[in-house]
Amino acid sequence: MTTVITVPPSLDDHSFEQVLEQVAPLPPDAKLLVDARHARWASPYGLTALLTLAQTRSERPTFAVPELEETASYWARAAFFQYAESVYDIVGAYPKRRELGESNVLLEITPIGKSDDVHSVVGRVQERAQRIIKTELKLDPKAIIGFAMTLSEVCQNIIEHAGQGGWVAVQSYRWTKRLGRRVVVIAVCDAGLGFRKSLESSPGHLASDRWDDAAALEEAVIRGVSRFRDRSRGQGLAGARNYVGRWNGKLSARSGTARIAIVPSWDDDVPLAEGLSPFPGAQVQVIIPEAVSGVPDR
Amino acid sequence: MMNHIDISSVLRQTLACDLYSNLVTRPTGAAVRGQIELMLGESTDRALTIIDFTQVSMIDISCADEVVAKLLLRYVSDSPPNDAYFLFRGVMGDHWDSIETVLERHGLALVIVHEDRVQVVGVLSDDERHAWDATYRLGRANAADVAAELGADADDPAVLRQMGDALDALCRKRLVMPVDGWFVAVGTPRG
Numbered sequence: 385m386t387t388v389i390t391v392p393p394s395l396d397d398h399s400f401e402q403v404l405e406q407v408a409p410l411p412p413d414a415k416l417l418v419d420a421r422h423a424r425w426a427s428p429y430g431l432t433a434l435l436t437l438a439q440t441r442s443e444r445p446t447f448a449v450p451e452l453e454e455t456a457s458y459w460a461r462a463a464f465f466q467y468a469e470s471v472y473d474i475v476g477a478y479p480k481r482r483e484l485g486e487s488n489v490l491l492e493i494t495p496i497g498k499s500d501d502v503h504s505v506v507g508r509v510q511e512r513a514q515r516i517i518k519t520e521l522k523l524d525p526k527a528i529i530g531f532a533m534t535l536s537e538v539c540q541n542i543i544e545h546a547g548q549g550g551w552v553a554v555q556s557y558r559w560t561k562r563l564g565r566r567v568v569v570i571a572v573c574d575a576g577l578g579f580r581k582s583l584e585s586s587p588g589h590l591a592s593d594r595w596d597d598a599a600a601l602e603e604a605v606i607r608g609v610s611r612f613r614d615r616s617r618g619q620g621l622a623g624a625r626n627y628v629g630r631w632n633g634k635l636s637a638r639s640g641t642a643r644i645a646i647v648p649s650w651d652d653d654v655p656l657a658e659g660l661s662p663f664p665g666a667q668v669q670v671i672i673p674e675a676v677s678g679v680p681d682r
Numbered sequence: 174m175m176n177h178i179d180i181s182s183v184l185r186q187t188l189a190c191d192l193y194s195n196l197v198t199r200p201t202g203a204a205v206r207g208q209i210e211l212m213l214g215e216s217t218d219r220a221l222t223i224i225d226f227t228q229v230s231m232i233d234i235s236c237a238d239e240v241v242a243k244l245l246l247r248y249v250s251d252s253p254p255n256d257a258y259f260l261f262r263g264v265m266g267d268h269w270d271s272i273e274t275v276l277e278r279h280g281l282a283l284v285i286v287h288e289d290r291v292q293v294v295g296v297l298s299d300d301e302r303h304a305w306d307a308t309y310r311l312g313r314a315n316a317a318d319v320a321a322e323l324g325a326d327a328d329d330p331a332v333l334r335q336m337g338d339a340l341d342a343l344c345r346k347r348l349v350m351p352v353d354g355w356f357v358a359v360g361t362p363r364g
């Protein structure tokens, strides 16, 4: 029997929870049809998380393509179908990327599995990010290098901790619903070990009374703890956190059944969400907003 | 003896690829540091090495930790592999955030030269920072000279001990060299 998992019309980090809630009661080998026919929009997080979802299943799932041509075309430009073909059986027509010409997304969905991939991603993004951060987000040019640095660090998190490959995507768009401003968004998702198991693998790890996914996220994101004994480690996410703080951005990390967020004043998200539907690996999102009225936030 | 190491050249040799000018990822940083240590290992005499970041586009924190922090940590240890001192050139604002982060994490300091201005940056006590500045201004100095330069009583044994401790600490941190009974700040122009 195949279970239909409905993808919400607008798919982002929050609405993706609806997808996970539908999957949660099912065994890992249950046959799924991930139905995106009525999807109209997806954030980079939504797209990379959909690929990650397929990686968590022992039975290869089926994916139903968005019916709206504009949506399918946009997802194709973001390279979603290119990689979805490797993890889903796809039902429905979608344009091939090569038929669509140059993409305007900052970084199409890109697999991250080794150190060289990070070099490639940073190199590809740098030039385009420069234009978007300066012209569209109207941020100080100082924000450009920090952006590339943050992208590098969150991608390295996959290589260092996931134990398997993951996906990254970067896009810039006008976030009308929540912010009314342009944003640039980095999404990095993997279906690997996740923060809790990664920290538990540390030789000196001692689980506290309250040791769970939320505690592991607090350790890693807030306190910069890493599974490595080397005290050099654990600085990457701390650096990303400092960067989003400086540019009034948002950082969130989901792992297992919890999600932690550094929440800026423009957002009403909760700093820590617990008891979410389980999802293996780690999913990190960074949002940098346009400066208000052309005046840099810093 | 003075060496010059262009980090972007080392990066290109390390990656065997001309496409990347960014110092990113921990394995890349470790490989670049390995190359630097190989170059330094060839010298047994005291050597000042200019580590030149001028052609580096960006450096992330993980890479800064490998290239800068771990390099310095080896030489400020109790048994450094040789008598090496470092002067960092071309460290722009774009690199600084990452480098500052790792210096703070490990309690390290280094000397940078930027547009002919030499300064010590990183984690130092006030005494050490003042002593380094005074030593640099003086060209070469001892504890009494530094005390006098800072307007302290150079005849007061407690002051001399305080300045001596600061200079010893700066030597251990490889920010000041002992030369024939004097102290010379790294980056001091040869006169």
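Heads up: the sequence lines are chains R and Y, in that order.
Each residue of the first sequence is one higher than the one before, counting from 385 in my numbering.
Each residue of the second sequence is one higher than the one before, counting from 174 in my numbering.
Yeah, the Cβ is synthetic: ideal placement off N, Cα and C, and Gly gets one too.
Only a predicted model underlies this, so the values are computations on that prediction, with no experimental measurement involved.
| Query | Result |
| --- | --- |
| Between which two residues does the beta strand (DSSP E) harbouring Y:LEU283 extend? | 282 to 287 |
| So with Cβ pairs under 8 angstroms, would you call Y:SER181 a contact of chain R? | no |
| Measure the C-alpha to C-alpha separation of Y:ARG302 and Y:MET336 and round it to an integer number of angstroms. | 11 angstroms |
| Hey, how far is the Cα of R:VAL489 from the Cα of R:TYR472? | 23 angstroms |
| Go through its chain and collect everything with a Cβ distance to R:PRO680's Cβ below 8 angstroms, but skip five positions before and after it. | With a pLDDT of 46 at R:PRO680, under the threshold of 50, the modelled position of this residue cannot be trusted, and the question is left open. |
| Where Y:THR187 and Y:ALA342 are concerned, what is the direct C-alpha to C-alpha distance, given to the nearest angstrom? | 34 angstroms |
| So Y:ILE272 and Y:ILE224 are supposed to be a Cβ contact under 8 angstroms. How far apart are they, rounded? | Going by Cβ atoms, the distance from Y:ILE272 to Y:ILE224 rounds to 11 angstroms, so no, they are not a contact pair. |
| Have a look at Y:PHE261, Y:LEU297, Y:ARG278, Y:THR361 and flag the residue whose alpha-carbon is nearest the alpha-carbon of Y:ARG310. | Y:THR361 |
| Give the secondary structure of R:GLY665 by DSSP, where H, G and I count as helix, E and B as strand, and everything else as coil. | strand |
| By Cβ distance, which residues of its chain are closer than 8 angstroms to Y:VAL205, with the 5 residues on each side in sequence left out? | ILE180, VAL183, LEU184, THR187, LEU196, CYS236, GLU239, VAL240 |
| Please tell me whether R:GLU603 and R:LEU590 are closer than 8 angstroms, where the distance is taken between their beta carbons. | no |
| On the premise that Y:LEU246 lies in contact with Y:HIS279, defined as a C-beta separation below 8 angstroms, what is that separation, rounded to the nearest angstrom? | 6 angstroms |
| For the alpha helix (DSSP H) containing Y:THR198, list its first residue and its last residue. | From DSSP, Y:THR198 is part of no alpha helix (DSSP H); its letter is neither H nor E. |
| Threshold first: 4 residues or longer. Then list the alpha helix (DSSP H) segments lying entirely within the region 538 to 614 of chain R, N to C. | 578 to 584, 597 to 601 |
| What number of angstroms, rounded off, separates the C-alpha of R:GLN439 from the C-alpha of R:VAL572? | 14 angstroms |
| Note down, in chain order, all residues in the region 521 to 550 of chain R with a beta-carbon under 7 angstroms from any beta-carbon belonging to chain Y. | LYS526, ILE529, GLY530, ALA532, MET533, SER536, GLU537, GLN540 |
| Nearest to Y:ASP306 by CA position, among Y:LEU276, Y:LEU323, Y:THR227, is which residue? | Y:LEU323 |
| Tell me, please, whether the CB atom of Y:MET231 is closer than 8 angstroms to any CB atom in chain R? | yes |
| Please list, in chain order, all residues of the same chain as R:GLN514 whose beta carbon is under 6 angstroms from its beta carbon, the five residues on each side excluded. | ILE528 |
| Taking C-beta to C-beta, are R:LEU621 and R:VAL552 nearer than 8 angstroms? | no |
| Flag this pair as yes or no: are the beta carbons of R:ALA637 and R:ALA598 separated by less than 8 angstroms? | no |
| Could you check the C-alpha separation between R:ASP501 and Y:THR198 for me, to the nearest Å? | 10 angstroms |
| Measure from the C-beta of Y:ASP238 to each C-beta in chain R and report whether the shortest distance is under 8 angstroms. | yes |
| For Y:ARG345, which residues from the same chain have a beta carbon less than 7 angstroms from its beta carbon, with the 5 sequence-adjacent residues on both sides left out? | VAL249 |
| Report the CB separation of R:ALA546 from R:PHE579 in whole angstroms; it is logged as a contact under 8 angstroms. | No, R:ALA546 and R:PHE579 are not in contact; Cβ-Cβ is about 10 angstroms, not under 8 angstroms. |
| Let me confirm a value: Y:MET174 is counted as buried when at least 16 other C-beta atoms fall within 10 Å, else exposed. Which label applies? | exposed |
| Looking only at its chain, what residues have a beta carbon closer than 6 angstroms to the beta carbon of R:ASP651, apart from the 5 residues adjacent to it on each side? | LYS634 |
| Do you know whose CA, among Y:SER230, Y:ILE234, Y:ALA242, Y:MET231, lies nearest Y:ILE209's CA? | Y:ALA242 |
| Leaving aside the five residues before and after R:ALA532 along the sequence, list all residues of the same chain whose C-beta is less than 7 angstroms from its C-beta, in chain order. | VAL506, VAL509, GLN510, ALA513 |
| Give me the chain Y residues within the contact set of R:VAL502, using Cβ-Cβ distance strictly less than 7 angstroms, ordered along the chain. | VAL197, THR198 |
| Going along the chain, which residues of the region 275 to 304 of chain Y sit with their C-beta nearer than 8 angstroms to a C-beta in chain R? | VAL275, ARG278, HIS279 |
| Strictly under 8 angstroms for the Cβ-Cβ distance: is Y:ILE272 near chain R by that measure? | no |
| With 8 angstroms as the threshold, decide whether the Cβ of Y:GLY266 is near any Cβ in chain R. | yes |
| Once DSSP output is grouped into helix, strand and coil, what is the label at R:SER394? | strand |
| Are there three or more Cβ pairs, one per stretch, closer than 8 angstroms when the region 257 to 265 of chain Y is compared with the region 349 to 360 of chain Y? | yes |
| Give me the Cα-Cα distance between R:ALA462 and R:LYS561, rounded to the nearest whole angstrom. | 21 angstroms |
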